[in-house]
Structure formats: C-alpha cells, structure tokens
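Just so you know, the working numbering puts the end of the sequence shown at 214, numbered straight through with nothing missing.
Shown next, in structure tokens, is the structure this report addresses.
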Amino acid sequence: MTAAAGHFITLEGIEGVGKTTNIEFVRGLLEARGLEVIVTREPGGTPLGEEIRELLLDHRHDAMSADAELLLMFAARAQHIAQVIRPALAAGKWVLCDRYTDATFAYQGGGRGLGFERVARLADWVHHDLWPDLTLLLDLPVAAGLERAGRRNSADRFERERSDFFERVRDAYLRLAQREPRRVRIVAADAPLEQVQARLRAVMTEWLTTRID
Ligand code: Z5A
C-alpha cells in the first residue's frame with residue numbers, strides 16, 4: 002500500500018490486452034468523481050525514463066541480457082518514482098500508471114526466467130513500500146492478445162517474443178493475483194470492449210466504495 006496522501010492504481014496484463022485503450026476509461030471514472038488524476042506509464046513517464054524505454058524496446062538491442070533488461074526497468078522506475086509518482090501522491094493526486102513492478106515480476110521474473118526473488122530484492126531497494134493501492138490485471142489468452150497486437154505494423158523487442166514467453170508472463174501475472182487478491186483484481190478482457198469496460202466499472206465502483214466513500 003502507498004505510504005502517501007494520494008492513491009496509486011496500475012493497469013497490467015500481457016501485450017495487446019487493452020491497457021492503453023482502457024486507461025482513459027478508468028481516468029474518466031475517477032474524474033467523474035472530481036478526483037485529480039495523472040496518467041503515466043512504465044517504462045517511461047519522465048524524459049530519462051522515455052529514453053530508457055527506447056533502448057528497451059529497440060529491436061537492434063536483441064543481444065541485451067536479461068539482467069541488463071531488469072536493471073534498466075528499475076532505473077527507469079527509480080526516476081519515475083522520484084520525479085513523478087511520489088510528488089503526485091504527496092500532493093494528494095491519483096496516479097494511474099500503465100504497468101509498474103508487477104510487470105517486472107511477470108516479464109523478467111516469469112517471461113525471462115529470472116525468478117520472483119531477484120525482482121523482489123530490487124523492488125525493495127528501489128521503492129520499498131510504494132506498491133499500488135489497486136492493480137487492474139486485464140487477462141486474456143495469449144493467442145488473443147497476440148492477435149490484437151499483431152494488427153499493428155512494427156514489432157518491438159518484446160513483441161518479437163514467441164507465444165511460450167507470453168504464456169510464462171501470463172502465468173506469472175495470475176500467480177501474483179493469487180498471492181495478493183485484495184490488491185490485484187483480475188478483469189477478464191476476452192470480450193467486446195463495452196463488456197470489458199462494464200467489468201472495469203464494476204471493480205472500480207466496488208473498490209472506491211470500500212476505500213474512499
Ligand atoms: N515491460 C517489461 O518487460 N517489464 C516491466 O517492468 C515493464 C514493461 C514496466 C512495453 O510496455 C513493454 O515493456 C511491454 C512489457 C515490457 N512489452 N510487451 N509486450 P507497453 O505497456 O507499452 O507495451 P504493450 O503491452 O505492448 O502495450 P500495448 O501494445 O499498448 O498493449 P495494450 O495497451 O495492452 O493494448 P491496446 O493497445 O489498448 O490494445 C491492442 C489492440 O486491441 C488495439 O487495436 C485495440 O483497439 C484492441 N482492443 C482493445 N480492447 C479490445 C477488445 N475488448 N476487443 C477487441 N479489440 C480490443
């Protein structure tokens with residue numbers, strides 16, 4: 002849980018699951034309640050973080066080691082936390098973030114096979130108790146996510162991975178939800194957009210009612 006005045010919500014899921022599409026919908030739900038929201042993303046969210054993102058996604062760096070990838074994710078995150086997330090939370094704002102440390106557990110811990118323990122040690126070092134208050138885990142079978150993402154023109158370094166990589170990522174996400182069911186809420190995303198958004202609305206309404214009403 003965040004140790005600050007504001008609230009911290011993240012969206013997670015495998016590639017193509019609909020985070021980018023739905024983050025604006027969630028922002029709208031919060032703003033309709035008069036809440037001040039900032040939307041940001043990882044890796045990225047700061048000028049330095051966006052440059053690190055370029056390095057991470059660039060397919061010319063296909064020789065990048067799993068450890069280098071892991072450390073770059075946390076380097077971008079450290080800057081994001083210092084420059085954006087902590088100041089916004091301290092000012093009482095709602096931070097809505099497209100991916101955070103759960104993505105590192107899923108992609109580097111699960112997908113790359115580095116394991117959860119190493120990720121947990123870095124998380125403790127970089128942000129200690131700064132965990133989201135709520136994580137919306139959009140869940141979709143890998144084939145469907147890849148099919149949706151495949152409609153785009155160019156593939157970045159992650160999008161070039163094979164489906165067994167994304168199966169490990171999805172499995173890791175589901176294990177995280179099992180470990181922390183109060184924080185990580187699974188939202189089935191294998192449905193038309195209106196239905197997924199109705200599910201998101203239901204989860205958000207229930208959560209907001211119990212947390213801040
Ligand atoms: N990464 C990591 O490895 N470790 C970390 O710690 C972090 C990140 C933080 C970049 O992230 C990469 O960084 C990511 C993991 C890694 N790579 N991968 N894979 P990203 O979040 O920027 O990249 P992404 O996951 O590829 O996001 P995305 O491509 O933008 O996917 P999305 O946001 O989940 O999906 P979308 O763009 O909203 O939707 C995809 C398409 O599906 C689009 O055409 C939509 O119109 C369509 N769509 C959405 N919802 C529906 C429904 N319900 N039905 C039908 N069609 C739909």
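All C-beta atoms, glycine included, are put in the ideal place defined by N, C-alpha and C.
Since we're looking at a predicted model, the values are computed, not measured.
Taking R28 as part of the alpha helix (DSSP H), name the residues at either end of that continuous run. According to the DSSP assignment, R28 belongs to the alpha helix (DSSP H) that extends over K20 to E32.
How big is the Cα-Cα spacing for R184 and H8? The straight-line gap from Cα to Cα measures roughly 13 Å.
Between which two residues does the beta strand (DSSP E) harbouring D216 extend? The structure shown has nothing for residue 216, since the chain only spans 2 to 214.
Report all residues from its chain with a CB closer than 6 Å to the CB of Q196; omit the five preceding and five following residues, and keep chain order. Nothing meets the Cβ criterion.
Would you identify the three-state DSSP class for D165, choosing helix, strand or coil? Residue state, collapsed to three classes: helix.
Evaluate the contact criterion for the stretch 26 to 37 versus the stretch 106 to 115: three or more CB pairs, one atom per stretch, below 8 Å. Verdict: no, contact absent.
Three-state secondary structure (DSSP) at W95? The answer is strand: DSSP assigns W95 an E or B state.
Given V38 as reference, the closest of A92, L72, V96 and G45 once Cα atoms are compared: The shortest C-alpha separation from V38 is found at V96.
If I measure Cβ to Cβ from L58 and keep anything under 6 Å in the same chain, skipping five residues before and after, which residues do I get? Excluding sequence neighbours, L58 sits near D157 and R158.
Spatial neighbours of V170 within its chain, please: C-beta separation below 6 Å, excluding the five flanking residues on both sides. In its chain, beyond the 5 residues on either side, I15, A107, Y108, G111 and G112 have a beta carbon closer than 6 Å to the beta carbon of V170.
Rounded Cβ spacing between Q80 and L56 (contact assumed at less than 8 Å): Their Cβ separation, rounded to whole angstroms, is 13 Å, which puts Q80 and L56 out of contact at 8 Å.
Cβ of D157 versus every heavy atom of the ligand ATP: is any distance shorter than 8 Å? Among the ligands in the structure shown, the ligand ATP does not appear; only the ligand Z5A can be found there.
Tell me whether Q179, by its Cβ, gets closer than 8 Å to a heavy atom of the ligand Z5A. Q179: no, Cβ never under 8 Å from the ligand Z5A.
Does the beta-carbon of G29, which I'm using as the reference point, lie nearer than 8 Å to any heavy atom of the ligand Z5A? In this structure, G29 has its CB at a distance of at least 8 Å from all heavy atoms of the ligand Z5A.
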